[in-house]
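Participant: Using our numbering, read the sequence shown as starting at 11 and increasing by one per residue. No residue lacks a Cβ here, since even glycine has one placed at the ideal position from N, Cα and C.
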Amino acid sequence: MMMAWLIVVDQWLETATDILCAAFWAIVGAMAVVGLARLFLGRRWK
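1. How long is the line joining the alpha carbons of A36 and L30, rounded to whole angstroms?
2. If you reduce the DSSP assignment to three classes, tell me which class M11 lands in.
3. Distance, Cα to Cα, G39 vs L46?
4. Report the rounded CA-to-CA distance for D28 versus Q21, giving the unit in angstroms.
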């Protein structure tokens, strides 16, 4: 019984890690896009 729980917990942690990693990269990507857009538009308008 204990082994089954360990497998479930391991799978859950792996999934949670994947989700956190994806969320982290999505935020980093969005910040990079916004930063580049502001730089580009700022140069264009000035």
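Facilitator: Answer, in terms of the structure:
1. 10 Å
2. coil
3. 11 Å
4. 11 Å
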